[in-house]
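I have placed the structure first, in the form of structure tokens, so that the comments after it can refer back to it.
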Amino acid sequence: MQETVQDSGSTDTKNQPNTYDSIIIGSGAGGLATAICLARAGKKVLVLEQHDVPGGWCHSFYLNGHRFTPGVHYVGLMAEGEATNDLYRGLGIANELVFFRMNPDAYEHVCIGKERFDFPANFELLIERLSARFPNDKKQIHKYLNLTRKVSEELYSLPYFKGFWQKLTIPFKTKHFGKYGMFSVRKVIGWHIKNPLLKNILNIQCGDHGVQPKKVPFVLHSALMYHYFQGGYYPMGGGGALIKAMTNTLKKHGGELRTSTAVTKIILEGDQRKKAVGVVLENGQELYADTIVSNADVGITYNDLVGRENLSAKFQQKLAKTKYSSTSLMLFLIVDMDLRKAGLDSGNIWMMPNKDTDEFYDGMLESDISKGDVFEGMFISCTTLKDPSSFDGKHHSIEAITLVDYKAFEKFKDENQERSQEYLNFKELLMQKMINGLENAIPGISKHIIQKDLGTPLTNKYYVNTTDGNIYGTEKSLKHIGPFAYKAKSEIENLYLCGASILSHGVAGVSHSGVDTAAQILKCDPDELKKPQEDQHIRIYEAEDATDYPEWMLKKIAVKTARAKNKSEEVNT
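When we follow my numbering, the leftmost residue of the sequence shown carries the number 29, and every step to the right adds one.
Spelled out as structure tokens, the structure:
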């Protein structure tokens, strides 16, 4: 069978059972983006997912009928003509998607101690608002934020330098990117901004990397800020709706997806130059393909599926030195509180004490997280305010996240699904600490909790299968991005990777990674695969204003509200 696969360039794989042009391991947004591009090019594609639903971090789940999405909280550059909008149009999934624009006056609410600041969805207004708040720093605010924009624009321009002569001009046309490329956020912001509170406000989105400012590359953080300069958007139906659109499009092009199908090994041929030819499933079945694409993180891919013994000595050293991003606690709540009356809207809430961000992160990522009675640093998202179509008129869904170190859970790592009482007690303690922290942002909320649950690093590891339950792949430090990042094309022939550790993290970043990986397999330019299709358009509505909601959406909201009311009356009766 393996010899047949070696000759698959001249064999019709479409008529052979258990043989494919491409097998993709993992159905996150990156893996599905790769699969769509390959299937659309006429390849016989199979996507394998170990969980019982597709999506990876983008999947949605339900508690008592209320939806939660652990890995999708907002997406940027979604307006017509912007990069993420074009990406979804290029993938051919746009017509199935509806997005809500989060509060344009405050898509991010920053709460640092008792200080408050709102990020508006407008670059010039952000500068104006910060300058009014910190008049003595007006000149430096303007200089620093314009630097982040210049660096980001130069970074985004790099793929468009084609041909020998254009590439010669790169050093001149990307001088800011080159000058600041090897420095951290802490270093660069320290050169421009001296006010400690202002630094904390500008660094608050470092939480989107899971890394403190002293480690986050300035270039990467500039790109993230640029991604959200025009605000944040949330998909109607949560991340699950995005995945549904992708799986529907994959199937439309003849691709196949199997859930509850774990891969335990990548089959290799050759003694010296290794070649990937297939995969072994958990049930022992072997499937073969011309190319294998892993959407699993690099640790799982190389340590578990490939095996270190099959890698070069140099690559083994790189793998041994690899650090992974932090992991998290995720609190999921259903509450019967009027959150709008409590002051909430569709904007995210970032909360931390008024102290140096690096020092705070260092403390937050200590191995003993049982100390104290409250988590002071949290990211809070109310999905029923971001997606008004999901609100039943009474119950709101809240997702609150804090970053932690996996070491705090290491002693429980060998437990199976039947968790020990010690673990359950630990989880209950941490859940209460998170609720206590949430009280600082939404006073009185603990009295309105209808249902609660907590996702831990072990939950992440079990459902998404990441190394040490990490949430962003490799640590987003200077050692793991750009030229130092893992490559889409591995040293194993016919084995490719995509996802958060390859090109970029975040919902949009991993999707771009998936397209770029497909382009390498198809030997074409990624822009060819991302070119917006004329008949594809994303519908976008305001989360804060129902004026333009179409009739079908208003009807959906009315039906949901009526059902919740009837259910409540039945319970009371």
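Built from N, CA and C at the ideal position, the CB exists for glycine as well.
Distance from the CA atom of G84 to the CA atom of Y490, rounded to whole angstroms, is 11 Å. Note that the C-beta distance between T494 and D325 is below 8 Å. Taking N338 as the centre and dropping the five residues before and after it, the same chain places the C-beta of L296, K302, I520 closer than 8 Å to its C-beta, in chain order. Burial check for E446: the Cβ neighbour count within 10 Å stays below 16, so the residue is exposed. Judged by DSSP secondary structure, W219 falls within the alpha helix (DSSP H) whose first and last residues are 213-220. When C-beta atoms of the region 74-92 are compared with those of the region 279-290, three or more pairs fall below 8 Å, so the two segments count as touching. Taking the CA atoms as reference points, K504 sits about 30 Å from E156. Counting only unbroken stretches of 4 or more residues, the alpha helix (DSSP H) elements lying wholly within the region 259-301 are 266-280, in sequence order. Between A546 and C139, the C-beta gap is not smaller than 8 Å, which leaves the two residues out of contact. E404 and M380 do touch by the CB rule: their CB atoms are close to 6 Å apart, below 8 Å.
Residue burial is scored here from C-beta neighbours: E182 has at least 16 other C-beta atoms within 10 angstroms and is therefore classed as buried. For the region 465-535, the continuous alpha helix (DSSP H) assignments of 4+ residues that do not extend past its boundaries occur at 485-492, in sequence order. A straight-line Cα-Cα distance of about 14 Å links P560 and A61. Annotation: the continuous beta strand (DSSP E) that includes T47 extends over 47-53.
Contact annotation: the region 141-158 does not touch the region 280-287, with fewer than three C-beta pairs closer than 8 Å.
Membership of K303 in any alpha helix (DSSP H) is not indicated; the residue belongs instead to the beta strand (DSSP E) covering 303-309. Secondary structure note for E387: its alpha helix (DSSP H) is the uninterrupted segment 385-392. For C410, the uninterrupted beta strand (DSSP E) run begins and ends at 406-410, by DSSP. Under DSSP, the beta-bridge partners assigned to Y90 are R95. Taking each of H87, L458, L452, H565 in turn and checking the Cα distance to G265, the smallest one comes out for H87. Secondary structure within the region 400-452: the beta strand (DSSP E) runs of 3 or more consecutive residues, fully enclosed, are 406-410, 424-432 (chain order). CA-CA distance, A513 to V244, rounds to 14 Å.
F437 is the residue among K142, I229, F437 whose C-alpha sits nearest the C-alpha of E394. Annotation: K349 to D390 spans about 20 Å, alpha carbon to alpha carbon. The DSSP assignment places complete alpha helix (DSSP H) segments of no fewer than 4 residues inside the region 529-577 at 534-550, 554-558, in order along the chain. Contact annotation: Y172 and I221 have beta-carbon atoms nearer than 8 Å. It is roughly 27 Å from the alpha-carbon of K351 to the alpha-carbon of Y256.
According to the DSSP assignment, T62 belongs to the alpha helix (DSSP H) that extends over 57-68. Linking S418 to Y90 through their CA atoms gives a straight-line distance of about 12 Å. Assignment of T589 by DSSP, reduced to helix, strand and coil, places it in the helix class. With a threshold of 16 other beta carbon atoms within 10 Å, A516 meets it and is buried. In the DSSP assignment, S322 falls within the unbroken beta strand (DSSP E) covering 314-322. In this structure, N382 places its C-beta atom within 8 Å of the C-beta atom of L225.
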